[in-house]
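Notes for the one structure printed next.
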Amino acid sequence: MPSASGTVRIDESGDRDPDYSLKYYVNGSFQNIADYNHSTGGFNLRGEFRCNTNRALKS
189 MPSASGTVRI
199 DESGDRDPDY
209 SLKYYVNGSF
219 QNIADYNHST
229 GGFNLRGEFR
239 CNTNRALKS
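For the sequence shown, the working numbering gives the first residue as 189, with consecutive numbering after it.
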């Protein structure tokens with residue numbers, strides 16, 4: 189069914205089957221870097237994404 193945020197699918201149990209966008213905060217704004225489509229089960233990367241992982245991680 190159509191909604192303000194796009195198409196919403198409801199499964200046979202009455203639960204939402206949403207799609208997702210993965211965002212990364214860079215240069216003061218969020219950038220969409222990947223999309224998940226629930227109906228196809230597909231996960232698609234958008235363009236070329238690079239992540240700086242030079243930070244020390246605390247254990």
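Yeah, the Cβ is synthetic: ideal placement off N, Cα and C, and Gly gets one too.
Leaving out five residues on either side along the sequence, give the residues of the same chain with a beta carbon under 8 angstroms from the beta carbon of residue i.
i            : result
lysine 211   : Phe218, Gln219, Asn220, Ile221
arginine 234 : Asn220, Ile221, Ala222, Asp223
Spatial neighbours of residue i within its chain, please: CB distance less than 7 angstroms, with the 5 preceding and 5 following residues excluded, ordered by chain position.
i           : result
proline 206 : His226
What residue range does the beta strand (DSSP E) around residue i cover?
i              : result
isoleucine 221 : 217-225
glycine 230    : 230-233
serine 209     : 208-214
Using a Cβ-Cβ cutoff of less than 6 angstroms, which residues in the same chain neighbour residue i once the five nearest sequence positions on both sides are dropped?
i            : result
arginine 197 : Asp205
tyrosine 208 : Tyr224
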